[in-house]
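Since the structure comes first, as structure tokens, the remarks are kept for the end.
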């Protein structure tokens, strides 16, 4: 409780550091994370030469110049801080992307009929790495409360890929959908501080769906004739769930439109298996219920 | 102080409402501003029929379906809330743009040598309108703490135009730069809550600079031969101030690059006036004052 | 008859309101639906100051300025009316799209082998909603006779989706094509006033054809081996009918080209069923009927 | 009055011909302008071979096929009629463009200091040609009442060019703006039937403004130092008039934004003339009034 109070106060103070306000008392806070430059700047010669050269002795004009100079010094700090923050975010994003790529490579072995537990084990080893990286990201964002969405673009596509990989692993393990809250839990995200954006989650799930037709094809090749029916049930429910949403975000809507093709492809594999009587035993129970 | 604390706490709680978390205790908070739909939805038939039809008797699978459905219901609410919020923001932005256009139209009379006080008076009438509109915007954003930058794109170009117009008015009145904090004050912005983004301020100032060459040309045409020198001093200082900044934002850098041409153009007018001896009297007086 | 005459006269008069003509006698008609602004505007200060300031004593030039101002006042009204009309159209279009999405969601259950009557019943519930919305649209367009095609782009893709859904429902119910006149009837459209554009109908039918391969695949999976033959007959006739047309509209031609793939896909399913002897009984009966 | 009544009735009937309705009584009207094909078609072999071949003797199925065939025959006529109409419109548009190009060529001589009356005389010779062409266009559109905006895209850019040329001629002759109603009069347009779209007029005026800076430059070169002031007054008023409008049409807004540069350029020429004392006599009267 005490911590919550403190971080809340901190949020209020720090929030205002986003906007220039030379007389604001939160100035001390800004100095916390860039003491070096605050010291450097005063020693630089003034760039205001047009007036300064003509009016060095003119006390009357000085205040204006000083105020202008002070304002732009502030801006310089802000822009530099923002740029270095972005640099740090990008560096972490790059590592996230790298870990995700490793996981995806491991997961692809599932298409070569390697046993699922073995495939998952390798990939799971990277989850702790991801946790650490997202923890780093959350720490960086903690320095600039209220600005999650200011830098969101710098980690969003990497995060969507993470969701996609985790959701595919989860499907392989449980044949069910990895929930939004479960992704946050796996990644050690604290939603009150640095959570998973809903649209990023949804986009990641769409990406995961793109892997399913290939999975179904390769499982059937390996003799698992029951897989298409299961995936079809899962994907049909997922598609129905997405249809509940009014998607106005163009990117997400486009990705969702792609899910239709995954569904159709899985239906076709299911059809192939069914028409050849290969799925007979597995589905006789289901058929009995339907008729 | 007490209020600040309360709103900070509220911010922390509400921040988490951005992310889906069906079991989260802040659920009550979400319901505060959309009770109608929460009541409507349960009465809708479930779209999850593929499993339901096959497994209607299977009690074990039901929870999964319910959790999935519940999660997407949440998403639907979130996306709809976000869309309607965006709708409201856009509507206010549109009004801001309209008021700014009126101010700009009034200001353009300055190019036809109308007396500055008269020109400013008309434009100033709209500042109260703008205050009201930015107050509306701040109220909307107050509903979603921590998401200023999520919707920032929906008011940023309009706000840049506002800065440009206000800064031009301020220059006409005082021959000095309108500071960031002064814009916030004029617009009634509370920087700890809904402030003026620094880059928006800087972009607006660049736009203002684009109006200066035209102003100088028309002033000289109207016989005011002292104007180029004054504007040149102002623009030179402003350009120097911008040069202090490490601009990595592509859009802002491009706009700043344009300021160079404004400066060059004003220099040329100043030169024309000087070389023809038109500014002699005017400037000898000014020079006298300075030396 | 009398009504027809009156609305025709009205159309002729109102048609001319599209074009600026300050002295035109139909001015009274324009005022009918925007009295508020016509009253507001005269109180605004004139923006035409350049001439006014220079020639305030010149009575000869005043008329020109007044005519110019009057013309642009008219334009302002026209453009604002047109913009608000468009706003209203888009809002109705959005509702049409939303109702269509609901219908489509219900219809998708047919791929999961739900009984057709049950599937149709749900979807049919929305037809009345659509009727109401198209009635709204027709009312809006009635305000601007002769301008159906001016705003056509604002409802056309939504209407194509409506045609697609209605035609699919009709096929499920009757195994035949929903005619153009039947769509108009279902939607309560009065072709002499607000009809269904032929190309929109044709495009909607192409969209419907895209759903058929998936339908056939899922019907066969569910054990209905007679479905491919029926759909193939229907689609073959439909494709032949489209081939009668000289399609120069690029969009429609492209959509029609897509129908070829639907046809091919359905043929392949029919072949699969046939070659495995699955359709033997089913078709021998049909063949028997035919020969 | 009698004529108005007749054409209004005709409009109502013909309007419905836009939409397919095989049983509609307006069929006779459609036949008026395509009797040839109506005769041709019945002799063609039926394209419905899938069913027809199998069921030629089956009277039970015939009605469906006949209805389908009949509908698509109708569509074929409609699409062919629409295509040939468009062909005719484009051919007239092409001639309009050609006549406008001739006029523009003649007008360009004004930049070489040819006397204005001489320059105008040549260009005026083409106005009768344009009248004839627009009369042709109106006649074509009269065949499809209520569809002005369906084909509008096929003559709009040509019409904008016509407006631009006529407005420039009018400015040369009168130093004032050619009004919308005056364009219609010059082109013999009857606004109750085939008028000039407001946005086309406005776009044409923007194009005209683009010719003014060059005109001013060349007039000054030829020693006419009074021209910049006059054009500046004209363009300032025109610009102010446009600013009254809420332009949401992107194309028109962009063209209007361009007018700002024309204004600035003319201001600069005016400035050049003024600063060199070349305009002294001409403007002493204006200056006297201002100071």
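Chains as they are written, first to last, in the working numbering: chain Y, 1 to 291; chain U, 1 to 291; chain W, 1 to 291; chain C, 1 to 291. Glycine included, each C-beta is placed from N, C-alpha and C at the ideal position.
TODO: Please list the segments of the alpha helix (DSSP H) lying wholly inside the stretch 57-140 of chain U, counting only runs of 4 or more residues, in order along the chain.
DONE: 62-108, 116-124
Open item on the list: Does residue 173 of chain C come out as helix, strand or coil in the three-state DSSP assignment?
Closed with: helix
TODO: Say whether the stretch 163-177 of chain U touches the stretch 175-190 of chain Y, bearing in mind that this needs 3 or more beta-carbon pairs closer than 8 Å, one atom from each stretch.
DONE: no
Open item on the list: By the 7 Å beta-carbon criterion, what residues does the stretch 252-279 of chain C contribute toward chain U?
Closed with: 264, 267, 268, 270, 271, 274, 275
Open item on the list: Only counting the same chain, and skipping five residues up and downstream in sequence, which positions put a Cβ closer than 6 Å to that of residue 96 of chain U?
Closed with: 133, 158
Task: Spatial neighbours of residue 59 of chain C in its chain, beta-carbon cut-off 7 Å, leaving aside the 5 residues before and after - done: Any reading at residue 59 of chain C must be qualified, since the residue scores a pLDDT of 42, below 50, and its modelled position is unreliable; no value is offered.
Task: Test: residue 219 of chain C CB closer than 8 Å to a CB of chain U - done: no
TODO: Tell me, please, whether the CB atom of residue 76 of chain U is closer than 8 Å to any CB atom in chain Y?
DONE: yes
- [ ] Using a cut-off of 7 Å between C-beta atoms, extract the partners of residue 211 of chain C located in chain W.
- [x] Per Cβ cutoff of 7 Å: no residues; residue 211 of chain C is ~19 Å from chain W at best.
Open item on the list: So for residue 228 of chain C, helix, strand or coil by DSSP?
Closed with: helix
Open item on the list: Let's see if you can read the secondary structure: which residues bound the alpha helix (DSSP H) around residue 259 of chain Y?
Closed with: 250-275
TODO: Counting only the same chain and skipping the five closest in sequence on each side, list residues whose C-beta sits under 6 Å from that of residue 277 of chain Y.
DONE: none
Task: Environment of residue 275 of chain W [buried if 16+ CB atoms lie within 10 Å] - done: exposed
Task: Environment of residue 237 of chain C [buried if 16+ CB atoms lie within 10 Å] - done: buried
Task: Exposure of residue 66 of chain C, with buried meaning 16 or more beta-carbon neighbours within 10 Å - done: exposed
Task: Spatial distance of residue 235 of chain C from residue 122 of chain U (CA atoms) - done: 22 Å
TODO: Return no unless some Cβ of chain U is closer than 8 Å to the Cβ of residue 146 of chain Y.
DONE: yes
Task: Any chain C beta carbon closer than 8 Å to residue 126 of chain U - done: no
- [ ] Please confirm if residue 149 of chain Y has its CB atom under 8 Å from at least one CB of chain U.
- [x] yes
Open item on the list: Check whether the stretch 209-227 of chain U and the stretch 181-189 of chain U touch, using three or more Cβ-Cβ pairs below 8 Å as the test.
Closed with: no
TODO: Could you tell me whether the Cβ of residue 164 of chain W comes closer than 8 Å to any Cβ of chain Y?
DONE: no
Open item on the list: Which residue wins for smallest C-alpha separation from residue 239 of chain W, given the options W/205, W/142, W/279?
Closed with: W/205
- [ ] Compare the C-beta of residue 68 of chain Y against all C-beta atoms of chain U and say whether one is closer than 8 Å.
- [x] yes
Open item on the list: Please identify the residue among W/138, W/154, W/231 whose C-alpha is closest to the C-alpha of residue 184 of chain W.
Closed with: W/138
Open item on the list: Let me confirm a value: residue 126 of chain Y is counted as buried when at least 16 other C-beta atoms fall within 10 Å, else exposed. Which label applies?
Closed with: buried
Open item on the list: Please tell me whether residue 88 of chain W has its Cβ less than 8 Å away from any Cβ of chain Y.
Closed with: no
Open item on the list: What does the alpha-carbon distance come out to for the pair residue 172 of chain U and residue 259 of chain C?
Closed with: 24 Å
TODO: State the Cα-Cα distance for the pair residue 151 of chain Y and residue 142 of chain C, rounded to the nearest angstrom.
DONE: 58 Å
Task: Close-in-space but distant-in-sequence residues of the same chain around residue 155 of chain C (CB under 8 Å, 5 per side omitted) - done: 89, 92, 93, 96, 137
- [ ] Please state whether DSSP places residue 206 of chain Y in a helix, a strand or coil.
- [x] helix
Task: Helix, strand or coil at residue 284 of chain C according to DSSP, with G and I counted as helix - done: Only weak support exists for where residue 284 of chain C lies, its pLDDT of 43 falling under 50; the coordinates are left without a value.
Open item on the list: Checking 8 Å against the spacing of the C-beta atoms, do residue 242 of chain W and residue 251 of chain W come in under that value?
Closed with: no
TODO: Just tell me which of C/248, C/130, C/209 has its CA closest to the CA of residue 103 of chain C.
DONE: C/130
Open item on the list: For a contact defined as C-beta to C-beta under 9 Å, what are the partners of residue 105 of chain U on chain C?
Closed with: 240, 243, 244
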